[in-house]
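Worksheet: the structure to be examined is printed underneath.
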Amino acid sequence: MKMASPAIAGYSSQMIVSVIDTAMVGRIENADIILASMGLGVLATWTLTSFLSSLSTGTHILIAHRFGESKHAELGDVLKHSLALTFGLGLIFGILFYWLSYPLMDLLAADVEVTKYSSEYMQYRAYGLPFFLMGISFRAFYYGIGSTKVFMYSALISYLVNIIFNYFLIFGNAGFPRMGVAGAGLASSIGMAVGLFVFLAFSYLPRYRIRYSLLRWPKFMAEEFLRIVRLSLPVSFQNILILFGFLLFVSITGLIGTVEQAATQVVITALYVSFMPCFGFGVAAQTLVGNALGNKQPQLAYIQALETTQLAIIFTSVIGFFFVGFTENTLSILTNNTIVIETATPILRLVGIAQVFYGAGIVLSSALQGAGETVFVMKLEIVTHWILFLPISYLLAVSTSFGLMGAWIAIPLYVIAYTGISYVKLRSGSWKKNRL
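Going by my numbering, the first residue of the sequence shown is number -11, and it counts up by one from there.
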């Protein structure tokens, strides 16, 4: 818990910003259009950033294993290889993301105004992509050595700046232009730049700079780049499959109606309250498993993976109690549109139960990734998400009369399958033989 708590705090701050973003834009005029626009824009942005930021997984796994092996002098070189990758990719994909945002949203959105606002949001998010990706390289480094507090400080400062500029740019306060949902995108990019500079400041401290040779110019080696990419690519594909799948899911709800799509965005935002802290538990599991395997203690890795999963289940059970017992109160934080709240209420109650199991799935799959089982987890995601979840969601929502509830009923089926198979794989112990 000592390692997980700072990571949870960092991810929770990201969740809080997502909630505040939605709450702020949900209170300007045409809330249904704006919320639907932000829903598509956020998911499209997350699809790209998750694909690229998964390079941090390879970095994290290598750092954790080498830290467990006490090869401290090699850790700085792994970080610098990761930074070189993320900087180049951030520039290239930032430009592409900016220019392709409108055609992509025009393809996915069923409403002209939703296309306009969501593409504007994405264009301003593109400015921050290089800062974000370099930040995730630093995040992976500090995760791997167990210094999760550094990420917490970077995240808290970054997201505080984000919230402040949300207030300025969304509503046009303090002499800033009134930009609406586009202002939320620009505020996020400003926050990302600040977060990177916080990481740089910590990395200059002697306890990190000297021990891990962070200022030494590395000898760039192709095999080191390949190790990072080999471990990361399956996670990248897994994440893009998840988020592109949810992007299609939101598009499916848009076929039912704009209000239903807005309600879906509000429910997804509420779920961040559960998911983001669970990613913090996942980070702890990934680090603990990697350190234990690097130190040749596979049974300890298994025990720590299960203990971390149990903590996640306790947390998601508490969140589920509030989602089910105080549904309208939760939704009213995110929007004051009574029609959207009424539409979203039964959906949040349904997923309030399902998210308990998904929290466990996040931690179990992270533990497997920490053991090098990134390809297995990717294959599991393909089967449960694209063969089970999306087809059932479309059939129940569009091809039958179940409507929005039909689309969301597929979520519990996906979650139970994903979590159950992850547990069976962890229990099998086959991952203990992996060599990185």
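Positions of the beta carbon are idealized from the N, C-alpha and C atoms, including for glycine.
The shortest C-alpha to C-alpha distance from GLY183 to any of ARG166, MET122, SER239, PHE234 is the one to MET122. In the structure shown, LEU202 adopts coil according to DSSP, grouped into three states. The residue among GLN298, ASN325, GLY116 with its C-alpha nearest the C-alpha of SER41 is GLY116.
The Cβ atoms of PRO222 and MET93 do not sit closer than 9 Å to each other. By the Cβ-count criterion, ASN324 is exposed, with fewer than 16 other Cβ atoms from all chains shown falling within 10 Å of its own Cβ. SER177 sits buried, since 16 or more C-beta atoms from the chains shown fall within 10 Å of its C-beta. In the DSSP assignment, ALA300 falls within the alpha helix (DSSP H) that extends over 286 to 313.
DSSP places ARG423 outside both helix and strand once states are collapsed to three, so it counts as coil. DSSP assignment within the stretch 133 to 189 yields no whole beta strand (DSSP E) run of 3 residues or more. Out of PHE120, ASP99, ARG215, SER107, the CA that lies nearest to the CA of PHE75 is found in PHE120. Rounded to whole angstroms, the gap between the alpha carbons of SER107 and HIS48 is 32 Å.
Note on geometry: alpha-carbon atoms of SER416 and PRO286 lie some 12 Å from one another.
DSSP places LEU193 outside both helix and strand once states are collapsed to three, so it counts as coil. By the 16-neighbour rule on beta-carbons within 10 angstroms, MET209 is exposed. Residue environment analysis places LYS284 among the exposed positions, since fewer than 16 neighbouring C-beta atoms fall within 10 angstroms of its C-beta. For SER239, the enclosing alpha helix (DSSP H) has its first and last residue at 210 to 244.
Within a 10 Å sphere around the beta-carbon of LEU84 sit fewer than 16 other beta-carbons, which makes this residue exposed. Where GLU108 is concerned, the enclosing alpha helix (DSSP H) starts and stops at 100 to 114.
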